[in-house]
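If you use my numbering, the sequence shown closes out at 880, no skipped numbers anywhere.
C-beta atoms are modelled at their ideal positions from N, C-alpha and C, and glycine is treated no differently.
These notes concern the structure reproduced below.
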Amino acid sequence: IPPPPFDLTTLQTEAYKFHGITPSNTLASAQKLYLNGLISYPRTSSQKISDLKGAKDVLKKLKKRYGSMIEKATRSKPIEGKKSDPAHPAIIPTGNNGKLDGYELKVYELIAKRFISCFCADAELENKRVELVIDGLKFAAKGMEILKAGWMDVYKVKMEEKEIKDMNGKVKIVKVRTEEKETKPPKRFSPASIVSELEKRNLGTKATRANILETLYNRNYVKDKQIKATELGIRLIESLEKYSPIIVDEKLTREIEKDMDVIRGSKRDLDKREKEILKKAESALVKISEDFHRKEKEIG
């Protein structure tokens with residue numbers, strides 16, 4: 581089935597995957613598109629299209645720019661994702677026209693085509709696995725073929741077809757090759773995958789995660805596209821873990837974010853809840869600050 585419409589994190593991930601645009605540049609471009617009336621509000625964690633009639637009106641408006649693609653939008657109801665946001669729907673185009681270039685054009689094209697693909701038919705793929713048994717040992721090969729592109733004609737994906745011939749019965753072994761391999765370490769984070777990881781761990785917010793990453797680069801705590809911690813960054817964490825571990829503890833950040841969500845979602849007794857939450861956060865942060873200053877020389 582087609583992928584759901586964009587929330588901010590998924591847009592940032594896809595923009596980096598297809599165009600190498602960093603999460604902060606994606607957010608900046610999306611913000612400009614929003615201010616120019618070309619897309620809906622970008623700082624959202626929703627994959628829901630709340631207004632079906634409005635969405636269909638947008639499809640009609642997009643016909644001038646994406647004529648042949650709109651003809652493929654045959655679903656009566658678009659595909660949606662599980663993620664929702666009480667304040668804003670998914671990121672979708674408005675159907676308005678505007679002059680675009682650079683990052684803004686690339687980000688807009690992703691948003692528009694993703695939106696159109698939500699109304700398109702499913703793709704049909706054939707996944708094949710061939711297994712060979714030699715002296716009781718199993719050897720396998722996998723292949724994939726696209727039978728019907730469906731939505732993939734509109735929203736292109738990085739997918740490699742590999743043909744595997746059908747085999748049934750005995751085969752002749754032509755050549756045997758052995759390879760020595762070692763277990764590979766996990767892949768390094770990219771600017772996009774670290775933003776996704778922050779979301780999974782509920783650290784930061786949809787609006788701040790890209791800025792958190794930019795700050796790490798600007799302060800020389802990390803470097804490179806395949807993110808590496810610098811010696812400064814490593815020493816910083818080692819020092820804090822030794823002398824003030826609460827600062828690098830995810831649990832506190834998560835608790836504060838959770839409490840902030842309570843404030844954002846509360847419709848009654850807000851003043852009382854807000855005062856309690858702010859007092860709790862203030863108490864925790866004052867304690868951390870006092871502890872930090874006591875050990876400032878050791879931390880360095």
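Whole-angstrom distance between residue j and residue i, CA atom to CA atom
i	j	result
L865	D841	18 angstroms
K822	V828	10 angstroms
P666	R789	19 angstroms
N800	N791	14 angstroms
H873	S824	10 angstroms
K750	E740	29 angstroms
A653	V713	46 angstroms
K745	T763	30 angstroms
I619	N748	53 angstroms
L615	F719	56 angstroms
S869	V775	27 angstroms
A861	G845	18 angstroms
Chain-order list of residues whose beta-carbon lies under 8 angstroms from that of residue i (same chain, five-residue window excluded)
i	result
N707	K722, G723 and M724
K838	N782
T589	S625, V775, S776, E779, K786 and R789
For residue i: DSSP bridge partner residues
i	result
F699	The partner list for F699 (beta bridge, DSSP) is empty, contrary to what the question assumes.
K636	The partner list for K636 (beta bridge, DSSP) is empty, contrary to what the question assumes.
M724	N707 and K742
I857	I857 is not bridged to any residue.
L712	F719
V802	A809
I619	P673
F586	I671
Same chain only: Cβ atoms within 7 angstroms of residue i, ignoring 5 sequence neighbours per side
i	result
K889	For residue 889 there is no data in the structure shown, the boundaries of the chain being 581 and 880.
A692	L642, Y646 and P673
S626	D587, K663, S664, D665, H668, P669 and A670
L812	N800 and Y801
Y621	Y614 and H668
K657	L632
I836	A861
As assigned by DSSP and simplified to three states, the class of residue i
i	result
K663	coil
F769	coil
Y573	With the chain represented from 581 up to 880, any question about residue 573 goes unanswered, as that position is not in the structure.
L591	helix
N605	helix
P658	coil
V775	helix
6 angstroms CB neighbourhood of residue i in its chain, flanking five on each side removed
i	result
D702	I581 and G730
K686	H599
F769	I807
Do the segment 723-738 and the segment 750-761 make contact, defined as three or more Cβ pairs closer than 8 angstroms? no
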